[in-house]
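Data block below; observations after.
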Amino acid sequence: MEETAPLAAQAPSPEHLIPERALTPEQARRRFRAGERRPTAGWCDGWTQANLIAVPSILAKDLRLFAERNPRACPVLDVGEPGATSTAIFPGDLRTDLPGYRIYREGGPVADVAEVVEHWRDDLVAFLIGCSFTFEAALMRAGVPVRHVELGVNVPMYRTAVACRPAGVLHGPLVVSMRPVPEALVATAVEVSGRYPRVHGAPVHVGDPAALGIGDLSRPDFGDPVPVRPGEVPLFWACGVTPQQAVMASGVEYAIGHLPGHMAITDLRET
1 MEETAPLAAQ
11 APSPEHLIPE
21 RALTPEQARR
31 RFRAGERRPT
41 AGWCDGWTQA
51 NLIAVPSILA
61 KDLRLFAERN
71 PRACPVLDVG
81 EPGATSTAIF
91 PGDLRTDLPG
101 YRIYREGGPV
111 ADVAEVVEHW
121 RDDLVAFLIG
131 CSFTFEAALM
141 RAGVPVRHVE
151 LGVNVPMYRT
161 AVACRPAGVL
171 HGPLVVSMRP
181 VPEALVATAV
191 EVSGRYPRVH
201 GAPVHVGDPA
211 ALGIGDLSRP
221 DFGDPVPVRP
231 GEVPLFWACG
241 VTPQQAVMAS
251 GVEYAIGHLP
261 GHMAITDLRE
271 T
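Mapping to UniProt numbering: the sequence shown position 77 is 77, numbers consecutive.
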């Protein structure tokens, strides 16, 4: 798969001195537009992050139905008009204001790129789907550690053996993200994340990864591995990379998504 180098970053500005967690969505989008390419976990406390998947308009009805039938994995926050490069909750440019994109042709990923201006088509309909990065600040405020934020890496994500409910031509497996949590804090993590149903809500599974068909936590399909320490339990949340897996499993002719872990930061408050 081709990987295109990120855009050249502009000269540093005072904005780059602001901690990522304290940035506004507009400030974060400007940094990505200038070429910054990093996972967005820990960015913009208090604001909602979203997964992007843009498909040809002929498939938009199927994707909307797929999301309705698989709401834990695909909580839709907003849908654009055909060809539109912004939405009501994302007033920036969907082609440049995320820190990374993945392009799909005939069901396969063909390129990871820093922007998609030349790749955007007039028939593409953009779906913004809630991301669990949104509730991580709330977890940490409740005393629940978030390992990938602590380590400064991307969240580990795994394809599971659990099939999503199909819709039209779309079908595929559930994808989950994993966060290890001390056993004494599992109930807290479930309760806190459950307050955020529009960004995946509570975990879909607690404990044994084999029950989801995951054989090795040290080898995620997307993102980076993180250690599960003694006394910790792996918790698995439905993940918004699921629609991208449906695009691949279904052999969709053309689509554009975010690079896993590199989210659209919206103007929607986390509450």
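Cβ atoms here follow ideal geometry from the backbone N, Cα and C, with glycine treated the same way.
How close, in whole Å, do the beta carbons of P75 and D267 come, if the pair is a contact with beta carbons under 8 Å?
In the sequence shown, counting from the first residue as 1, residue 75 sits at position 75. In the sequence shown, counting from the first residue as 1, residue 267 sits at position 267. About 17 Å; that fails the 8 Å criterion.
When the Cα atoms are used, what is the spatial distance from G194 to A187?
Along the sequence shown, one-based indexing puts residue 194 at 194. Along the sequence shown, one-based indexing puts residue 187 at 187. Rounded to whole angstroms, G194 to A187 spans 10 Å at the Cα level.
Ordered list of alpha helix (DSSP H) runs contained in the segment 233–268, each at least 4 residues:
242–249
Determine which residues share a DSSP beta bridge with Q49 and list them.
Translated into the one-based positions of the sequence shown, residue 49 becomes position 49. DSSP output for Q49 lists I265 as bridge partner(s).
Residues of its chain near R69, where Cβ-Cβ distance is below 6 Å and the 5 sequence neighbours each way are ignored:
If you number the sequence shown from 1, residue 69 lands on position 69. These residues qualify, in order along the chain: R165 and A167.
Applying the criterion that 16 or more other CB atoms from any shown protein chain within 10 Å of the CB defines a buried residue, is D97 buried or exposed?
Working through the sequence shown from its first residue, we reach residue 97 at position 97. Label assigned to D97: buried.
For A202 and L52, believed in contact at Cβ under 8 Å, the rounded distance:
Here residue 52 is taken as the residue at index 52 of the sequence shown, counted from 1. Here residue 202 is taken as the residue at index 202 of the sequence shown, counted from 1. With a Cβ gap of about 24 Å, L52 and A202 do not count as contacting.
Between the Cα of F236 and the Cα atoms of G213, V247, Y254 and I129, which residue gives the shortest distance?
Taking the first residue of the sequence shown as 1, we reach residue 236 at position 236. Closest option to F236, Cα to Cα, is G213.
Status (buried if at least 16 other CB within 10 Å, exposed otherwise) for E115:
Here residue 115 is taken as the residue at index 115 of the sequence shown, counted from 1. The residue is buried, with at least 16 neighbouring Cβ atoms inside 10 Å.
Three-state secondary structure (DSSP) at D224?
As a working note, residue 224 is residue 224 in the sequence shown. Here D224 sits in coil by DSSP.
So V199 and C131 are supposed to be a Cβ contact under 8 Å. How far apart are they, rounded?
In the sequence shown, the residue the question calls residue 199 occupies position 199. In the sequence shown, the residue the question calls residue 131 occupies position 131. Rounded to whole angstroms, the Cβ separation of V199 and C131 is 6 Å, and the two are in contact under 8 Å.
Answer with buried or exposed for A8, where buried requires no fewer than 16 other C-beta atoms within 10 angstroms of its C-beta.
Numbered from its first residue, the sequence shown carries residue 8 at position 8. Caution is warranted here: a pLDDT of 42 is assigned to A8, below 50, making its placement in the model unreliable, and no coordinate value can be reported.
Please name the residue, chosen from G261, H262 and Q244, that lies closest to G107 on a Cα-to-Cα basis.
Position 107 of the sequence shown, counted from the first residue, corresponds to residue 107. Of G261, H262 and Q244, the residue nearest in Cα terms is Q244.
With a threshold of 16 other CB atoms inside 10 Å of the CB of T40, please say whether the residue is buried or exposed.
Locating residue 40 in the sequence shown gives position 40, counting from the first residue. Per the 10 Å Cβ criterion, buried.
Rounded separation between A246 and R95 - CA only:
Locating residue 246 in the sequence shown gives position 246, counting from the first residue. Locating residue 95 in the sequence shown gives position 95, counting from the first residue. Cα-Cα distance, rounded: 22 Å.
Sort out for me which residues DSSP pairs I129 with in a bridge.
Here residue 129 is taken as the residue at index 129 of the sequence shown, counted from 1. Per DSSP, N51 and V76.
Which listed residue (V113, L17 and V144) has its alpha carbon closest to that of E191:
The residue given as residue 191 occupies position 191 in the sequence shown. Measuring from the Cα of E191, the nearest candidate turns out to be V144.
Note the first and the last residue of the continuous beta strand (DSSP E) segment covering P145.
Within the sequence shown, numbered from 1, the residue matching residue 145 stands at position 145. Run containing P145: none; DSSP gives neither H nor E here.
At which residues does the alpha helix (DSSP H) containing L63 begin and terminate?
Position 63 of the sequence shown, counted from the first residue, corresponds to residue 63. Where L63 is concerned, the enclosing alpha helix (DSSP H) stretches over A60 to R69.
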